[in-house]
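Undergrad: Have a look at the structure that comes next, please.
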Ligand code: ADP
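Residue numbers (full-length UniProt numbering): 1 to 247.
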């Protein structure tokens, strides 16, 4: 099995002539937590959307687990195990926390909503949903309406619904955006936990968040790769410092 699970070659995205992602060669090694960081406007979100097939590239190729996925649809790559947060769409606010995860499981396993399944099967979904809530630290909130979850816990629910798709590689877009320090620490611990046995690509604005999490960090600036390495290396890189100070 190759060491690389995800590889891009010359990945480029132009919006009416504006180059948002410019000739990016990215290699994510299997079993690692890889951070894609950069100042505002660096092209992180565009790159994330290209990798999960929500946007078609202008040029370049994307390989995942030995296959060329450049022309695939989001659902196809999700079936191969490459799953982004929000893959299932946002959380349903009027359902309970538990029901949200159960629906995610039913959707995935059954392919469609079929509420007339056997009792046994429904119980299995419910048990699995409870396990996933336990994994993300939300057991105490199982019966709460999702819209009543504190902001800092909503990401944990999104991660639980993403885990319902049984990802091999998980792509997370700024999982700590807008959170308090305490919530950030909790999400960092959660990402560490869900990364076990998986590969994670984390798009993040905050250097501090990736510090404790990422084995490798790729820094984007103005759409191109500016630097790559572990936290110690990229945080000392004068180009990286200049790019961050310039925002
Ligand atoms: P980041 O996530 O790093 O802040 P983005 O990927 O959102 O960066 O954006 C990179 C650049 O591409 C920005 O200058 C942004 O204005 C531009 N951009 C992103 N999406 C579009 C779009 N749909 N049309 C035109 N320009 C876009």
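Where is the CB? At the ideal position from N, CA and C, for every residue including glycine.
1. Below 6 angstroms CB to CB, which residues in the same chain sit around residue 152 once its five sequence neighbours on both sides are set aside?
2. List the endpoints of the continuous beta strand (DSSP E) containing residue 64.
3. Should residue 204 be labelled buried (16 or more other beta-carbon atoms within 10 Å of its own) or exposed?
4. Given 7 angstroms as the limit, tell me if residue 46 has its C-beta closer than that to any heavy atom belonging to the ligand ADP.
5. Out of curiosity, what's the CA-to-CA distance linking residue 162 and residue 97?
6. Three or more C-beta pairs closer than 8 angstroms, one from the region 131–149 and one from the region 50–65: is that the case here?
7. So for residue 35, helix, strand or coil by DSSP?
8. Give me the residue from 189, 136, 140 with the minimum Cα distance to residue 160.
9. Between 105, 144, 224, which lies nearest to residue 95 when the distance is taken from Cα to Cα?
10. Return yes when the C-beta of residue 104 is under 7 angstroms from any heavy atom of the ligand ADP, and no when it is not.
TA: Well, looking at it:
1. Taking the chain shown and counting its residues from 1, one reaches residue 152 at position 152. The answer, listed in chain order, is 179, 183.
2. Start at 1 with the first residue of the chain shown, and residue 64 comes out as number 64. Its beta strand (DSSP E) spans residues 59–64.
3. Mapped onto the chain shown, residue 204 falls at position 204. Residue 204 comes out buried.
4. By one-based count along the chain shown, residue 46 stands at place 46. Yes - the ligand ADP has a heavy atom lying nearer than 7 angstroms to the Cβ of residue 46.
5. Within the chain shown, the letter at position 162 stands for residue 162. Within the chain shown, the letter at position 97 stands for residue 97. For the pair residue 162 and residue 97, the Cα-to-Cα distance works out to about 13 angstroms.
6. no
7. Your numbering for residue 35 matches position 35 in the chain shown. In this structure, residue 35 counts as strand in the three-state DSSP scheme.
8. On the chain shown, position 160 is the one that residue 160 refers to. The shortest Cα separation from residue 160 among 189, 136, 140 belongs to 136.
9. Stepping through the chain shown from its first residue, residue 95 is reached at position 95. Relative to the Cα of residue 95, the nearest Cα in the group 105, 144, 224 belongs to 144.
10. Here residue 104 refers to the residue found at position 104 when the chain shown is read from its first residue. The answer is no for residue 104.
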